[in-house]
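In the numbering used here, the protein residues as written are -1 to 125.
Cβ atoms here follow ideal geometry from the backbone N, Cα and C, with glycine treated the same way.
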């Protein structure tokens, strides 16, 4: 069964850029997109999502709140929070949720370690 990665960002262009960076490392992974936290929750409730890549700065509910909600429901899901807002407090909050901080712009090099770690974790868990 292929791995499904959810890319959540209110910017269509940012979702495309992140999707391409992910595909460069894992071309066989299926990518599902959401433009908001609410849409992401609907997707996660309706299908199996193995990995989540979340924008931090979104209207209504930010990526940190979404990451906390996903972590509570899926304790072992690899989650990355992406943002151009590189502050120690945000990085610490992301890490406190057992998620990975990735700075924007999302490049193949920037997201590579997260994708490699997620793939290893999924292989170990039999996904």
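Hey, quick one: how far does the alpha helix (DSSP H) through residue 67 stretch, first residue to last?
-> The count along the chain shown starts at 1 and reaches residue 67 at position 69. 61 to 71 is the span of the alpha helix (DSSP H), which, as asked, contains residue 67.
Report yes or no: is there a C-beta of chain C within less than 8 Å of the C-beta of residue 18?
-> The structure shown has no chain C; it contains just one protein chain.
Can at least three beta-carbon pairs, one atom from the segment 98 to 115 and one from the segment 12 to 32, be found at a separation below 8 Å?
-> yes
Sequence-distant residues of the same chain with beta carbon closer than 6 Å to residue 49, five excluded per side | Residue mapping note: residue 49 aligns to position 51 of the chain shown, counting from 1. Excluding residues within five positions, the ones whose Cβ falls inside 6 Å are 3, 76, 116.
Roughly how far, in whole angstroms, is the beta-carbon of residue 98 from the beta-carbon of residue 71, given that I think they are within contact range, below 8 Å?
-> As a first step, residue 98 is located in the chain shown; it is residue number 100 there, counting from the start. As a first step, residue 71 is located in the chain shown; it is residue number 73 there, counting from the start. So it is not a contact: roughly 18 Å between Cβ atoms.
Runs of alpha helix (DSSP H) lying entirely within the segment 97 to 125, each at least 4 residues, in chain order | 106 to 122
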